[in-house]
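These protein sequence lines map, in sequence, to chains A and B. Residue 172 is where the first sequence starts when you use the working numbering, and the numbers rise one by one after that. Residue 2 is where the second sequence starts when you use the working numbering, and the numbers rise one by one after that. These notes are about the structure you will find just below.
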Amino acid sequence: MSDDDLTGQLTRTLTRYADDMAGPSLPLAQVQGRARSIRRRRTAGAVVGAAAAVAVVVPTLALATHGGGHRTEPLPSTQNTTSQTPSPSQSGVVRAPLDVRGLPLGDAPADGYLVGRTLHLPNGSTTRITTAAPVDAYVTLSDDTIVLHTRDAGGATAVEVIDSHGDHHGPYPATDGVVVDANHAAAGWVGTDGHPYFWNEAATKPDRSDAQVSGGSFEARALADTCDSGGTSPDCAMLVRTTAPSTGKATDWLASLSPGDDTVQRAAPDRRFVGLTDLSYDGREIGLTRITDTGSCSGVAAGAAPVTWKTCRHTLLAFSPRGSYLSADVNFHSGLGSSVFAAYDYLGHQVFEYRSRLSVQATVTRSVWEDDAHVLAIVYQDGRWYVVRFGVDGSRELAAGPLRGNDVDAPVVVPGAR
Amino acid sequence: MGRPPQDSTGGTTVVDQRQDDRDADFASYLAARQPSLLRTAYLLTGNRHDAEDLVQTAFAKLYLSWDKVRDRGSVDGYVRRILVNEHSSLWRRAWKRREHAVDDTVLHSLGAAHEDARTDGSGDALWNAVQGLPRKARAVVVLRYYEELSEAETAAVLGISVGTVKSQASRALASLRDRAPKDLDPRTSEEEDR
Chain A
172 MSDDDLTGQL TRTLTRYADD MAGPSLPLAQ VQGRARSIRR RRTAGAVVGA
222 AAAVAVVVPT LALATHGGGH RTEPLPSTQN TTSQTPSPSQ SGVVRAPLDV
272 RGLPLGDAPA DGYLVGRTLH LPNGSTTRIT TAAPVDAYVT LSDDTIVLHT
322 RDAGGATAVE VIDSHGDHHG PYPATDGVVV DANHAAAGWV GTDGHPYFWN
372 EAATKPDRSD AQVSGGSFEA RALADTCDSG GTSPDCAMLV RTTAPSTGKA
422 TDWLASLSPG DDTVQRAAPD RRFVGLTDLS YDGREIGLTR ITDTGSCSGV
472 AAGAAPVTWK TCRHTLLAFS PRGSYLSADV NFHSGLGSSV FAAYDYLGHQ
522 VFEYRSRLSV QATVTRSVWE DDAHVLAIVY QDGRWYVVRF GVDGSRELAA
572 GPLRGNDVDA PVVVPGAR
Chain B
2 MGRPPQDSTG GTTVVDQRQD DRDADFASYL AARQPSLLRT AYLLTGNRHD
52 AEDLVQTAFA KLYLSWDKVR DRGSVDGYVR RILVNEHSSL WRRAWKRREH
102 AVDDTVLHSL GAAHEDARTD GSGDALWNAV QGLPRKARAV VVLRYYEELS
152 EAETAAVLGI SVGTVKSQAS RALASLRDRA PKDLDPRTSE EEDR
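What follows is the structure in structure tokens.
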């Protein structure tokens, strides 16, 4: 059959099926009701998807001893397959040492992971990638496009893209961070020119926003939840942090990504927070409320309301995708990794806390919520790197690794982890 | 902020009047465009329930952006773009789990398509094969061969390049040709359509 025959047949078939379709008329009130529901999810122009927005990227205290530049190679796994769950304390909080040796082997990370140049895909297969510089972060889109953030030996950063057909694009000059919206429909980064860029599913080149941030270094921290219409939504925005070179002062901005809209506005301009860390899909915010020479406090607020609850025991990091739980780490970031990893429920009740001891020292360097009940953390302990799945029920299991490596450069990258 | 100005008849404010005018304007558009948008949504989703839900969401998003979009004079293109992308988005919401489920459905539907072709005619087989296409390719097919948009217009709706539209369409046609029954004869279907 020729293309003309087939396309003609297609048009007739689609028309025949479409013509059979007639529905009851949609009343305006019903549309307005749905619109109100959508609007509730967008608060004060600052609704940011939680799935990819994870963690303040501040180097934290290194407790582990130096592992000493071993070659990265997988070690044989000898674990059993039953996840390990420490007993909860009387308060219901699971507290245990941050010790990830000998955990049972669980499923690989749901969105895959990268070790060196080898990409482990969600379906269990592997593929080699060839980027101009090592990958330090990446995100995946739902059409299997992979957006890679690279950093060369001199610290120069860029973005390269492997689209769903396997075609390679870039490198594109970029600053810190690559982010993805909650639906994995678009990825974004900030160019060295201060413009946010984003890459939609099935795209062949990045789109540049007319918005532009200025004043120091930039970091893309999250994409708005409302970017799910291919960047056309009037509320599509990127959360960008700028850091002044002279003072180190960080400021958070929301930069519009919508065509023809070049607005940049302060995120959380009401001074409840000194810095914004994450926002849930339903408009709640995590922010730092106070930073001192010895610690910090983090809080949660909804929309423009006052801070609902806060803690000075940990630094709150990220909402789970549905906002039911929050990950957290040490309350004072000053080195390479956190000696503490914790989680809270949305009401502020702690659900687990794993803490290094003098005799058992491990550090968590990055983390990302895998789903609403599990958070993946990249952990260094005794010269090896582990990807550990922490359940909100206190369970723990190994998702990838262990891999030999020094305590500075994690040999494994988990998509979305920061 | 001061009180909104009152009109001379008392009661209704200028702001209220503007909102009423806006809603009336939107309601006219809704009534006029809903049937055709529902047909497109049905082709994208393959079932009535999802199509109606998709159309409602697309119009709700349009309602929120009405002033901005109306002034740009590009309402039809905008709402169509919302519809198509929202379809992908709805599909994506639980994309990991559903991907497997859809794959299974596709396999079953393709099997059924071949059976249907032998008993009910080529149209049903082709319809099932279209529903088995990946969502983006299906959107390209619907926009190109039902809406009869040009490649450039299709690219604009989907927010992708013309080259990608060409390659997606070409791949979709090849896939349909492979999946459709070998004895599919367009001339027979033409006669059936008359």
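C-beta: ideal position from N, C-alpha, C; glycine also.
When secondary structure is reduced to three states using DSSP, Glu87 of chain B falls in the helix class. For Leu134 of chain B, the secondary structure class from DSSP, reduced to helix, strand or coil, is coil. Annotation for Val478 of chain A: the continuous beta strand (DSSP E) segment containing it runs Val478 to Thr482.
Excluding its 5 nearest sequence neighbours in each direction, His339 of chain A has C-beta neighbours in its own chain below 8 Å: Thr301, Glu331, Val332 and Ile333, listed in chain order. If you draw a straight line from the Cα of Thr155 of chain B to the Cα of Ser469 of chain A, it comes to about 47 Å.
In the structure shown, Arg455 of chain A adopts extended strand secondary structure according to DSSP, grouped into three states. Residue burial is scored here from C-beta neighbours: Pro477 of chain A has fewer than 16 other C-beta atoms within 10 angstroms and is therefore classed as exposed.
With a cut-off of 8 Å on Cβ pairs, the stretch 441 to 460 of chain A is in contact with the stretch 471 to 491 of chain A, counting three or more such pairs. Given a length threshold of 3 residues, each whole run of the beta strand (DSSP E) inside the stretch 333 to 358 of chain A is given here in chain order: 339 to 344. Below the 7 Å Cβ cutoff, chain A contributes Leu177 as neighbours of Leu177 of chain B, in chain order.
For Arg322 of chain A, the closest of A:Gly283, A:Ala438, A:Ala345 and A:Gln203 by C-alpha to C-alpha distance is A:Ala345.
With respect to the 7 Å criterion, Glu568 of chain A and Leu274 of chain A are classified as neighbours on the basis of their beta carbons.
Where Leu269 of chain A is concerned, there is no enclosing beta strand (DSSP E), because DSSP gives it neither an H nor an E. Val384 of chain A sits away from Ala329 of chain A, with the two beta carbons spaced by 7 Å or more.
The beta carbon of Arg205 of chain A sits closer than 7 Å to some beta carbon of chain B. Taking a C-beta distance under 7 Å as the contact criterion, Arg34 of chain B and Val158 of chain B do not qualify as a contact pair. Interface criterion not met: the Cβ of Leu292 of chain A is under 7 Å from no Cβ in chain B. Listed along chain A, the residues sitting closer than 7 Å to Thr58 of chain B by beta-carbon distance are Arg205. Gln20 of chain B counts as exposed, since fewer than 16 other beta carbons sit within 10 angstroms of its beta carbon.
Selection A:Ala408, A:Ala374, A:Gly348 and A:Phe512 evaluated against Ser388 of chain A yields A:Gly348 as nearest (Cα-Cα).
Around the Cβ of Lys62 of chain B, a 10 Å sphere holds 16 or more other Cβ atoms; the residue is buried. At a cut-off of 7 Å between beta-carbon atoms, Val202 of chain A makes contact with chain B. Restricting attention to beta strand (DSSP E) runs no shorter than 3 residues, the stretch 277 to 314 of chain A encloses them at 284 to 286, 289 to 291, 297 to 299 and 306 to 311, ordered along the chain.
Inter-residue distance for Gly419 of chain A and Gly466 of chain A is about 17 Å (C-alpha atoms, whole angstroms). Cβ contact annotation for Leu31 of chain B (same chain, cutoff 7 Å, sequence separation greater than five): Phe60, in chain order. Just so you know, the alpha carbons of Val56 of chain B and Asp179 of chain B end up roughly 32 Å apart. C-alpha of Val435 of chain A to C-alpha of Gly386 of chain A: approximately 13 Å in a straight line. Counting every other CB atom within 10 Å of its CB across the protein chains shown gives Lys137 of chain B a total of 16 or more, marking it as buried.
For Ala391 of chain A, the enclosing beta strand (DSSP E) starts and ends at Ser388 to Leu394. For Met409 of chain A, there are no neighbours in chain B by C-beta distance under 8 Å, as the nearest C-beta there is about 17 Å away. Bridge pairing for Asn371 of chain A: A:Ala357 [DSSP]. Nearest neighbour of Leu38 of chain B by Cα position, chosen from B:Leu134, B:Ala130 and B:Leu144, turns out to be B:Leu144. In chain order, Gln180, Leu181 and Thr184 make up the part of chain A whose C-beta sits under 7 Å from the C-beta of Leu127 of chain B.
Note: Leu547 of chain A is bridge-paired with A:Val539 and A:Arg560 in the DSSP secondary-structure output.
Glu524 of chain A sits in a strand when the DSSP states are folded into three classes. Nearest CB-CB separation between Ser29 of chain B and chain A: not below the 7 Å threshold.
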